[in-house]
Amino acid sequence: MTIKTEKILLIGFGNPARADDGLGPALAEAIEAKNIAGVTVEADYQLTVEDSARVAEHDIVIFADASINGPEPFGFESLEAKEYDSFSSHSVEPAQVLALAENLFNSKATGYILGIRGYEFDDFGSPISEKAKANLDKAVDFIGKLLKTKNFDKSQKTIACL
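Under this note's numbering, the first residue of the sequence shown is numbered -8, with each subsequent residue one higher.
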């Protein structure tokens, strides 16, 4: 099944001042520069409750973040909405944002998570490491092609490690 939709949201999140933690926003910046029709791109330090309203306006949402110990160069898989027992309005997990969109706005958005492997997270003020930049480049190529073709069926439940 190929999903032909014009309402896709990509949210890249993380702290660019903490070296590889900035991989999510860096991916968002690279994808936004491609100006892909039908794709809305957002970048932020962390996910918040307010993101659920943006998610509800789209059919597909991709959350992009740095991964501390995920697969190299990146992992990509479908994401199920999940409610958590604890709650903070200042920082929420991608699955929780998806659940809030469903519960508060009756959203039917399909979610995906892209975890780009990073290595350096402790050096405040440092740029993204060279090794993580190589992973970022591969993730940008993968997501860029996916967003252009909108062919999510082949990637749906797959960890995409190249």
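Each residue gets a CB set at the ideal place from its N, CA and C atoms; glycine is no exception.
Report buried or exposed for residue i, applying the criterion of at least 16 other Cβ atoms within 10 angstroms of its Cβ.
| i | result |
| --- | --- |
| D144 | exposed |
| L95 | exposed |
| I59 | exposed |
| A125 | exposed |
| T140 | exposed |
| G116 | exposed |
| A8 | exposed |
| L90 | A small fix is needed here, since residue 90 is Ala in this sequence, not Leu. Result: buried. |
| A24 | exposed |
Alpha carbons only, please: which of the options is nearest the one belonging to residue i?
| i | options | result |
| --- | --- | --- |
| K(-2) | V32, L105 and G116 | V32 |
| S154 | E63, I22 and N97 | The requested residue 154 does not occur in the structure, where the chain is confined to residues -8 to 153. |
| E74 | I22, F65, V88 and E68 | V88 |
| N6 | E41, E63, S82 and F65 | S82 |
| P64 | N142, F4, E121 and E84 | E121 |
| K99 | I27, E41, N26 and V52 | V52 |
| E84 | P62, N26, V40 and E20 | V40 |
On the premise that residue j lies in contact with residue i, defined as a C-beta separation below 8 Å, what is that separation, rounded to the nearest angstrom?
| i | j | result |
| --- | --- | --- |
| R45 | L0 | 6 Å |
| A55 | I119 | With 8 Å as the limit, A55 and I119 do not qualify as a contact, their Cβ atoms being about 14 Å apart. |
| F112 | D35 | Between D35 and F112 the Cβ distance is about 18 Å, and since that is not below 8 Å, they are no contact. |
| A155 | Y110 | An answer regarding residue 155 cannot be provided, because it is not within the stretch -8 to 153 covered by the chain. |
| I134 | L18 | 7 Å |
| A57 | G29 | Actually they do not touch by this definition, with Cβ atoms about 26 Å apart. |
Could you check whether the Cβ of residue i sits closer than 7 Å to any heavy atom belonging to the ligand MN?
| i | result |
| --- | --- |
| T39 | Looking at this structure, you won't find the ligand MN or any other ligand, since it has none at all. |
Less than 8 Å between the beta carbons of residue i and residue j, yes or no?
| i | j | result |
| --- | --- | --- |
| I104 | E68 | yes |
| T101 | D132 | no |
| E71 | A92 | no |
| D128 | A10 | no |
| I22 | L137 | no |
Runs of alpha helix (DSSP H) lying entirely within the segment 96 to 141, each at least 4 residues, in chain order: 121 to 140
3 or more residues per run - each beta strand (DSSP E) lying fully within the segment -3 to 34: -1 to 4
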